[in-house]
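There are 2 protein chains.
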Amino acid sequence: MPCYRITIEYDGRELVGWQRQKNGPSVQQHIEEAIFEFCGEEIRIQGAGRTDAGVHAFGQVASFELASNRKPQVVMNALNQHLKPAPIAILACEEVDADFSARFSATKRHYLYRIINRRAPLTVDAGLAWIVKRELDADAMNEAARILIGRHDFTSFRAAACQANSPVRTLEKLMVSRDGEEIQVRASAISFLHNQVRSMVGSLALVGTGQWTKGDLKAALDAKDRQRAGPNAPPYGLYLTQVDYD
Amino acid sequence: MPCYRITIEYDGRELVGWQRQKNGPSVQQHIEEAIFEFCGEEIRIQGAGRTDAGVHAFGQVASFELASNRKPQVVMNALNQHLKPAPIAILACEEVDADFSARFSATKRHYLYRIINRRAPLTVDAGLAWIVKRELDADAMNEAARILIGRHDFTSFRAAACQANSPVRTLEKLMVSRDGEEIQVRASAISFLHNQVRSMVGSLALVGTGQWTKGDLKAALDAKDRQRAGPNAPPYGLYLTQVDYD
Chain A
1 MPCYRITIEY
11 DGRELVGWQR
21 QKNGPSVQQH
31 IEEAIFEFCG
41 EEIRIQGAGR
51 TDAGVHAFGQ
61 VASFELASNR
71 KPQVVMNALN
81 QHLKPAPIAI
91 LACEEVDADF
101 SARFSATKRH
111 YLYRIINRRA
121 PLTVDAGLAW
131 IVKRELDADA
141 MNEAARILIG
151 RHDFTSFRAA
161 ACQANSPVRT
171 LEKLMVSRDG
181 EEIQVRASAI
191 SFLHNQVRSM
201 VGSLALVGTG
211 QWTKGDLKAA
221 LDAKDRQRAG
231 PNAPPYGLYL
241 TQVDYD
Chain B
1001 MPCYRITIEY
1011 DGRELVGWQR
1021 QKNGPSVQQH
1031 IEEAIFEFCG
1041 EEIRIQGAGR
1051 TDAGVHAFGQ
1061 VASFELASNR
1071 KPQVVMNALN
1081 QHLKPAPIAI
1091 LACEEVDADF
1101 SARFSATKRH
1111 YLYRIINRRA
1121 PLTVDAGLAW
1131 IVKRELDADA
1141 MNEAARILIG
1151 RHDFTSFRAA
1161 ACQANSPVRT
1171 LEKLMVSRDG
1181 EEIQVRASAI
1191 SFLHNQVRSM
1201 VGSLALVGTG
1211 QWTKGDLKAA
1221 LDAKDRQRAG
1231 PNAPPYGLYL
1241 TQVDYD
């Protein structure tokens, strides 16, 4: 049976997240239905990252097997046709080895978090970035971010609902930069805990406004207590930008 | 009477354009109603650029007089409050001399046109960029763009409805660049004819796909005949990014 890997872009504003849910349309459900409409096969696809409701993606990856052989280009075009008008697009499709798993073969996941730092409300970017009206010091945020880089117990930055066995993760990159009124936080790791990026961004924002020092962030990490982190940044500023494979 | 200048951002997707229309809400109407709700004054504001339905702005400018004296910061915050939930935001407000006119004092207008060049449909950028599925050669487009720079009779690139007295304009900048799948066209001039940017972008796209040579673009300009230009690029890729004043 041929195995396919697809790269997916979506606008999370109207979606309940990656995973199938009872309360509304998920990315997974839309794509599985498009596959069924295309070739009549009722299958389950596997995603690299289970993004929450409201979270966007420029480079989510999923894998699945089909019973019948189809050219990757045909699969991609057919899925895009059947996905309309859902805000989901298949950017690429290729055939992969049968042992490939979008989730377990991933060697790195990359996220972007967009903050617009200004007093005026958002228009074009409404639902596509977090607006923070208090002035943020991006340099201070970037300096504090270094505390979180490396191998740590991230219990403080983990959702209560997180299902991972271990709270230990190795954060390879956490970088904060400003371009005009936009502040971007870029995070990379082999894998993340549930809500980890949003939780880290929420705490970094406290450093940015001056409510927290670098020391407060360090203390929150060391406490291994999810009550000690700042409030989660909202989902709609978050983008799964890329997933790497060997 | 104090005179104010405001800088405006808007998402043109749900708007009928800058000017008041009978067929739906315009940017001008929304702002004039917000001013009325704020201070009870029924006034007309003047905009720097009369953008069409669907066109966006990051830096539209308008000017108006009020009978009563208000602090610029108060005007800005009040208008943003009353503009909700329209996708229009006042980014800045300052008091200016009584002879200031957003339209006639402008020394340069800057537009950006966004093209996404890929086969997959748009998600996050739906309505915020023009999707072109055929491969575009951005370098060829940029080279051809040089033909249009300078002082010319732009009759070929002007809407039938254009109300300007003269079709002669001096195009100061027309630059095409590619970053991944996004192609950006940047245009600057003291003023533009109606639909001029969209018409120029539509013709440059013909060069980008190879349907037109540079010579065809030159011939279209020289013909001074609006039947000779390519089809207008759609409005939703266009952004009024900035207006300069002395």
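Heads up: the sequence lines are chains A and B, in that order. To convert, note that position 6 of the first sequence is 6 in this note's numbering; the numbers rise steadily by one, no gaps. To convert, count from 1 in the second sequence and add 1000; that's this note's numbering. Don't be surprised by glycine CBs; every beta carbon is placed ideally from N, CA and C.
Own chain partners of A:Ala98 with C-beta closer than 6 Å, once the 5 adjacent residues on each side are dropped: Taking the first residue of the first sequence as 1, we reach residue 98 of chain A at position 98. So the qualifying residues of the chain are Cys3.
task: Return the CA-CA distance between B:Gly1180 and B:Asp1244, expressed in angstroms with no decimal places.
output: Your numbering for residue 1180 of chain B matches position 180 in the second sequence. Your numbering for residue 1244 of chain B matches position 244 in the second sequence. Their backbone Cα atoms lie some 30 Å apart in a straight line.
query: Nearest CA to the CA of A:Glu14: which residue from A:Asn23, A:Ile6, A:Ile8?
result: As a first step, residue 14 of chain A must be located in the first sequence, where it is residue number 14. Here the closest residue by C-alpha is A:Asn23.
field: Reference B:His1030, options B:Ile1115, B:Gln1081, B:Val1074, B:Ile1116, closest by Cα
entry: Locating residue 1030 of chain B in the second sequence gives position 30, counting from the first residue. It is B:Gln1081.
query: If you run the structure through DSSP and keep just helix, strand and coil, what is A:Phe154?
result: Numbered from 1 along the first sequence, position 154 holds the residue referred to as residue 154 of chain A. In the structure shown, A:Phe154 sits in coil (DSSP, three-state: anything other than H, G, I, E or B).
field: In DSSP terms, what A:Glu143 is bridged to
entry: On the first sequence, residue 143 of chain A is found 143 positions in, with the first residue counted as 1. In DSSP, A:Glu143 forms no bridge with anything.
task: List the residues that DSSP assigns as beta-bridge partners of B:Ser1068.
output: One-based indexing of the second sequence puts residue 1068 of chain B at position 68. According to DSSP, B:Ser1068 bridges with nothing at all.
- request: Name, please, each residue of chain A whose Cβ falls closer than 7 Å to the Cβ of B:Glu1065.
  value: As a working mapping, residue 1065 of chain B is identified with position 65 in the second sequence. None at all; the shortest Cβ gap to chain A is about 22 Å.
task: Mark A:Gln60 as exposed unless 16 or more other C-beta atoms lie within 10 angstroms of its C-beta, in which case mark it buried.
output: Position 60 of the first sequence, counted from the start, is the residue given in the question as residue 60 of chain A. Buried: at least 16 other Cβ atoms inside 10 Å.
- prompt: What residues in the segment 123-143 of chain A have a beta carbon less than 7 Å from any beta carbon of chain B?
  reply: Thr123, Val124, Ala126, Leu128
message: Within 10 Å of its beta-carbon, does A:Gly47 have 16 or more other beta-carbons around it, so buried, or fewer, so exposed?
response: Stepping through the first sequence from its first residue, residue 47 of chain A is reached at position 47. Its Cβ being crowded by 16 or more others within 10 Å, A:Gly47 is buried.
task: Label A:Glu32 either buried or exposed according to how many other C-beta atoms from any shown protein chain fall within 10 Å of its C-beta, with 16 as the threshold for buried.
output: Walking along the first sequence from the start, residue 32 of chain A turns up at place 32. Buried.
field: Cutoff 8 Å: B:Asp1011 Cβ touching any chain A Cβ
entry: For the purposes of this step, residue 1011 of chain B is taken as residue 11 along the second sequence, with counting starting at 1. It does: the Cβ of B:Asp1011 has a partner Cβ on chain A nearer than 8 Å.
- prompt: Under a Cβ-count criterion, where at least 16 other Cβ atoms within 10 Å of its own Cβ denotes burial, should B:Val1124 be classed as buried or exposed?
  reply: For this step, residue 1124 of chain B is matched to residue 124 along the second sequence. Looking at its Cβ environment, which holds 16 or more other Cβ atoms inside 10 Å, B:Val1124 is buried.
message: Between A:Glu37, A:Glu135, A:Arg44, A:Ala53, which has its C-alpha nearest A:Arg178's C-alpha?
response: For the purposes of this step, residue 178 of chain A is identified with residue 178 of the first sequence, where counting begins at 1. Closest option to A:Arg178, Cα to Cα, is A:Glu135.
query: The alpha helix (DSSP H) with A:Ile35 in it runs from where to where?
result: One-based indexing of the first sequence puts residue 35 of chain A at position 35. Counting along the chain, the alpha helix (DSSP H) containing A:Ile35 begins and ends at 27-39.
message: Going by C-alpha to C-alpha distance, which of B:Ala1078, B:Ala1219, B:Gly1012 sits closest to B:Ala1053?
response: Taking the first residue of the second sequence as 1, we reach residue 1053 of chain B at position 53. It is B:Gly1012 whose Cα lies nearest to the Cα of B:Ala1053.
task: Determine the chain A residues that contact B:Ile1088 at a beta-carbon separation under 8 Å, and present them in chain order.
output: As a first step, residue 1088 of chain B must be located in the second sequence, where it is residue number 88. Under the 8 Å cutoff, chain A gives Thr123.
- prompt: Buried or exposed: A:Ile35, going by 16 or more other Cβ atoms within 10 Å of its Cβ?
  reply: Numbered from its first residue, the first sequence carries residue 35 of chain A at position 35. Result: buried.
- request: Enumerate in chain order the residues of its own chain whose CB-to-CB distance from B:Ala1161 is below 7 Å, with the five nearest sequence positions on each side excluded.
  value: Within the second sequence, the letter at position 161 stands for residue 1161 of chain B. So the list reads His1194, once near-sequence residues are dropped.
- request: Answer yes or no: does any C-beta atom of chain B fall closer than 8 Å to that of A:Asn80?
  value: By 1-based counting over the first sequence, the position of residue 80 of chain A is 80. Chain B, which has a Cβ nearer than 8 Å to the Cβ of A:Asn80, makes this yes.
- request: Can you have a look at A:Phe154 and say buried or exposed, based on whether 16 or more other CB atoms are within 10 angstroms of its CB?
  value: As a working note, residue 154 of chain A is residue 154 in the first sequence. Classification for A:Phe154: buried.
- prompt: A:Met1: which of A:Arg50, A:Ser26, A:Gln21, A:Lys71 sits nearest, CA to CA?
  reply: Residue 1 of chain A sits at position 1 when you count from the first residue of the first sequence. Answer by Cα proximity: A:Lys71.
task: Using only alpha-carbon positions, find the residue among B:Gly1208, B:Val1027, B:Tyr1239, B:Phe1100 that is nearest to B:Leu1079.
output: Sequence index remark: in the second sequence, residue 1079 of chain B carries index 79 (1-based). Checking every option, the nearest Cα to that of B:Leu1079 belongs to B:Val1027.
- request: Helix, strand or coil for A:Glu94, going by three-state DSSP, please let me know.
  value: In the first sequence, counting from the first residue as 1, residue 94 of chain A sits at position 94. Here A:Glu94 sits in strand by DSSP.
query: Per DSSP, what kind of secondary structure is A:Glu182 in: helix, strand or coil?
result: Taking the first residue of the first sequence as position 1, residue 182 of chain A is located at position 182. Strand, per DSSP.
message: Quick check on this structure: which residue in A:Gly215, A:Val176, A:Ala164, A:Val197 has the alpha carbon closest to the alpha carbon of A:Asp137?
response: What you label residue 137 of chain A is simply residue 137 of the first sequence in a count that begins at 1. Selected option, being the one with the closest Cα: A:Val176.
message: Could you compute how far the alpha carbon of B:Ala1233 sits from the alpha carbon of B:Gln1196?
response: One-based indexing of the second sequence puts residue 1233 of chain B at position 233. One-based indexing of the second sequence puts residue 1196 of chain B at position 196. The alpha-carbon atoms of B:Ala1233 and B:Gln1196 are separated by roughly 10 Å.
message: Short of 6 Å in beta carbon distance, which residues of its chain neighbour B:Lys1214, apart from the five on each side in sequence? Order them along the chain.
response: Counting from 1 along the second sequence, the entry for residue 1214 of chain B is found at position 214. So the qualifying residues of the chain are Ala1144.
- prompt: Does any CB atom of chain A fall closer than 8 Å to the CB of B:Ala1120?
  reply: By 1-based counting over the second sequence, the position of residue 1120 of chain B is 120. Chain A contact via Cβ: present.
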